[in-house]
Amino acid sequence: STIVDGVPAEVRERHAELSQDIDDHSYRYYMGRPTIPDADYDALMLELRGLEERYPSLRTPDSPTQKVGAPISNEFAAVEHLERMQSLDNAFDPEQLAAWANRVENEITVDAYLCELKIDGLAVDLVYEKGRLVRAATRGDGRVGEDITLNVRTIQAVPEVLDGSLQPVPDLLEVRGEVFLPGKAFEELNARLVGEGKPAFRNPRNAAAGSLRQKDPRVTATRPLSMLVHGVGAHEGVSFTHQSHAYELLAAWGLPVSDRTRVVGSLDEVRSYIDHYAEHRHDPEYEIDGVVIKVDDVSVQRRLGSTSRAPRWAIAYKYPPEEVTTRLLDIRVNV
Ligand code: NAD
Numbered sequence: 006s007t008i009v010d011g012v013p014a015e016v017r018e019r020h021a022e023l024s025q026d027i028d029d030h031s032y033r034y035y036m037g038r039p040t041i042p043d044a045d046y047d048a049l050m051l052e053l054r055g056l057e058e059r060y061p062s063l064r065t066p067d068s069p070t071q072k073v074g075a076p077i078s079n080e081f082a083a084v085e086h087l088e089r090m091q092s093l094d095n096a097f098d099p100e101q102l103a104a105w106a107n108r109v110e111n112e113i114t115v116d117a118y119l120c121e122l123k124i125d126g127l128a129v130d131l132v133y134e135k136g137r138l139v140r141a142a143t144r145g146d147g148r149v150g151e152d153i154t155l156n157v158r159t160i161q162a163v164p165e166v167l168d169g170s171l172q173p174v175p176d177l178l179e180v181r182g183e184v185f186l187p188g189k190a191f192e193e194l195n196a197r198l199v200g201e202g203k204p205a206f207r208n209p210r211n212a213a214a215g216s217l218r219q220k221d222p223r224v225t226a227t228r229p230l231s232m233l234v235h236g237v238g239a240h241e242g243v244s245f246t247h248q249s250h251a252y253e254l255l256a257a258w259g260l261p262v263s264d265r266t267r268v269v270g271s272l273d274e275v276r277s278y279i280d281h282y283a284e285h286r287h288d289p290e291y292e293i294d295g296v297v298i299k300v301d302d303v304s305v306q307r308r309l310g311s312t313s314r315a316p317r318w319a320i321a322y323k324y325p326p327e328e329v330t331t332r333l334l335d336i337r338v339n340v
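Quick note: the sequence shown, position 6, residue 11 per full-length UniProt numbering, numbers continuous.
Laid out in structure tokens, this is it:
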């Protein structure tokens, strides 16, 4: 076969085909309408990574392996995030987790890790100016998202004004988190949709995406969405020494922070946290697909930096996929 830059033509073709498929699936997924299970999507991504490992010249900046999310739709106005929103690298077993920790600890001393649940929702960016919510946007491609301010204003957990009674409110605060539909609300919504002869949602994530991306915020207001914040972007008038310190301030300002986050001192304790939630996966009111481990010290985070799509100071430990079980399986499903 023809070889260009050391890459056989059929490999180049497969790479192009996979990239296109993955981009199409991502677009549908972020619209709340995926057409394949996540495990199938992950398999396509794994094949793409495999090709790029064998033929590094295929790893161009526009490859799905190097990008965050998907380009936005034209249903909402485009907004540029103040600071880029990223994705996370994954570990699928204890060896991959240990390899990540080794890479980090070979470079720098880590005193503490933060263990958090990986909420299977939608990444949303909030901007507060002088303590007032001025904008909310989807992650989009990480640089530009969709303006969903009116819809996010209907979420009770998201304060319109930050509380300055415990801690002075910063001039500017960009905060990131996950919007989700609690399990009970998901079941009630589906029961209602079915009662109205409408298709049900396959899982809470799709239901949350579909509810948040309504053109009419009055429809969103009928869906009891919730949110938990897990990161800070641009900020002025405040500084954070540790990620856990940021969470304390966010909580003081009235932002919804998870009470299941733990600061631990060793990789063994990280493993215990992972094992605990593997056993108690259904305790939270939201779905989780893993655990996120972050280096707690912000100055260490800065030293470690990021790749084009993910920070080097954090990793998502993914649990094996679960079969979707819903009491509504026998009815028409809106994927
Ligand atoms: P991701 O969901 O694996 O991880 C990154 C995201 O995790 C962040 O953007 C953040 O919003 C979120 N997150 C949740 N809890 C967090 C916490 N405590 N701290 C920090 N971040 C937290 O990455 P991704 O790039 O958004 O998407 C990849 C995932 O989406 C894969 O699981 C893939 O299977 C799925 N996907 C599926 C399809 C499909 O067609 N089925 C298409 C595209 C993507």
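Note that the Cβ used here is the ideal one computed from N, Cα and C, for glycine as well.
Counting only unbroken stretches of 4 or more residues, the alpha helix (DSSP H) elements lying wholly within the stretch 91–131 are 99–112, in sequence order.
According to the DSSP assignment, Met-232 belongs to the beta strand (DSSP E) that extends over 231–241. The DSSP assignment places 188–200, 209–217, 222–226 as complete runs of the alpha helix (DSSP H) inside the stretch 172–226, in order along the chain (cut-off: 4 residues).
The C-beta distance from Gln-248 to Val-180 rounds to 12 Å, too long to fall under 8 Å, and the pair is not in contact. Between Leu-155 and Pro-222, the gap from beta carbon to beta carbon is short of 8 Å. Of all C-beta pairs linking the stretch 197–204 to the stretch 124–139, fewer than three are shorter than 8 Å, placing the two stretches out of contact. Beta-bridge partners of Gly-150 (DSSP): Val-84. Judged by the Cβ position, Glu-151 fails to qualify as a neighbour of ligand 1 at the 7 Å threshold, every heavy atom of the ligand being at least this far. At least one heavy atom of ligand 1 lies less than 7 Å from the C-beta of Asp-43. For Gly-136, no beta strand (DSSP E) encloses it, and the DSSP letter there is neither H nor E. Under DSSP, Ser-311 shares a beta bridge with Pro-316.
By the Cβ criterion, the stretch 52–60 is not in contact with the stretch 31–42, since fewer than three pairs of Cβ atoms, one from each stretch, lie closer than 8 Å. With at least 16 other beta carbons inside 10 angstroms of its own, Ser-216 counts as buried. Less than 8 Å divides the Cβ of Ile-77 from the Cβ of Gly-145. For Val-303, the three-state secondary structure derived from DSSP is helix.
Under the three-state reduction of DSSP, Thr-143 is assigned to strand.
Cβ atoms of Arg-317 and Pro-99 stay farther apart than 8 Å, at about 19 Å.
Checking the 7 Å criterion, the Cβ of Ser-92 is within range of a heavy atom belonging to ligand 1.
His-86 has its Cβ no nearer than 7 Å to any heavy atom of ligand 1. A distance criterion of 7 Å places the beta-carbon of Ser-31 in contact range of ligand 1, judged by its closest non-hydrogen atom.
In this structure, Ile-298 places its C-beta atom within 8 Å of the C-beta atom of Ala-319. Per DSSP, reduced to three states, the secondary structure at Gly-259 is coil, with no helix or strand assignment. For Ala-75, same chain residues with a beta-carbon under 6 Å away, outside a window of 5 residues either side, are Ser-31, Tyr-32, Tyr-35 in chain order. DSSP places Tyr-322 in the strand class (E or B) of the three-state scheme.
With a cutoff of 8 Å on beta-carbon distance, Leu-272 and Val-262 are scored as not near each other. In this structure, the C-beta of Val-262 stays at least 7 Å away from each heavy atom of ligand 1. Within the same chain, Cβ atoms closer than 8 Å to the Cβ of Gly-11 are found at Tyr-60, Ser-62, the five residues on either side in sequence being excluded. Between the stretch 164–176 and the stretch 110–130 there are fewer than three inter-stretch CB-CB distances shorter than 8 Å, so the stretches are not counted as touching.
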